[in-house]
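In this note's numbering, the protein residues as written are 551 to 842.
Backbone N, C-alpha and C define an ideal beta-carbon position, used for all residues, glycine too.
Only a predicted model underlies this, so the values are computations on that prediction, with no experimental measurement involved.
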């Protein structure tokens, strides 16, 4: 295989304008996922939950695989799997050590179930592969309704709990002393996080969901600690990553996920370098965002 043929597989822009019509739903879904992924990611970073995101994605994969096998809505199956995982982690893992142990138990179980369901599925191989690495044209109209409806639920839930959850994430002991229901907030956020992960799996796949829920917020945290700018930049980075990945992948024979992860990592690398340069020049560190 020549270098030119490899390059053409990665970047192919023949009839690009005509192909754009095929991903209209994916672009709309990508904007919604970038919004909820960027917002949820702020608390994932503050509460040190990247491992939990990965654990939830494995059960989301199992739920989606079961739905694919049964011939029902894949988004609904993914959501059910994620919520079950998030609820289990929230119940079993009140402390960080217990939480990580619970996730370590759930991850192989969920992955094993998913592999079993896919092995039993006799349909198109692309459907199997898409659950792991994402598909650029995977979002049809029924799935769009599920994606947008669930995204609205996540946004409303985050809006309601944003202020107390920020307080509880920044200083849980003081928040609890002041009457904030820290444990209930933690469990509620895990459910919301489960929904966000389930939606992200639909575009980037179960293996690379961290790139939407963790990397944009981590990049934003490199350059700001502002409670206003941090979520704003996280959302912008998430939307740019997913929409840029979709547009770059359009027309190629490569799954969407490498493009999304590359754009996301490039943004993180630039922010990390900018944050390091700022720290060395002016000194000081980045404080955790505080409740407004």
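- About 11 Å separates the Cβ atoms of residue 737 and residue 711, ruling out a contact at the 8 Å cut-off.
- Under the criterion of beta carbons closer than 8 Å, residue 748 and residue 629 qualify as touching, at roughly 4 Å.
- Comparing C-alpha distances from residue 623 to each of 697, 744 and 750 shows the shortest one belongs to 697.
- Cβ contact annotation for residue 751 (same chain, cutoff 7 Å, sequence separation greater than five): 607, 610, 611, 614, 628 and 759, in chain order.
- A distance below 8 Å between beta-carbons, with the five flanking residues on each side excluded, links residue 603 to the following residues of its chain, in chain order: 594, 743, 747, 759, 760, 763 and 764.
- Going by C-alpha positions, residue 700 is about 13 Å away from residue 692.
- The Cβ atoms of residue 592 and residue 781 sit closer than 7 Å to each other.
- Per DSSP, residue 806 is not a residue of any alpha helix (DSSP H), being assigned neither H nor E.
- Around the Cβ of residue 706, a 10 Å sphere holds fewer than 16 other Cβ atoms; the residue is exposed.
- When 600, 625, 639 and 583 are compared, the shortest CA-CA separation from residue 733 is found for 639.
- The residue from 718, 831, 797 and 790 with its alpha-carbon nearest to that of residue 588 is 790.
- Residue environment: residue 674 is assigned as exposed (fewer than 16 neighbouring CB atoms within 10 Å of its CB, all protein chains considered).
- Between residue 666 and the set 620, 702 and 626, the nearest pair of CA atoms involves 620.
- A distance of 7 Å or more separates the beta carbons of residue 818 and residue 795.
- Between the stretch 648-662 and the stretch 769-787, the count of C-beta pairs closer than 8 Å stays below three; the two stretches do not touch.
- Counting along the chain, residue 779 sits inside the alpha helix (DSSP H) bounded by residues 779-799.
- In this structure, the CA atom of residue 755 is about 12 Å from the CA atom of residue 625.
- Listed in chain order, the non-local C-beta contacts of residue 725 below 7 Å within the same chain comprise 717, 718 and 732, local neighbours out to five positions each way being set aside.
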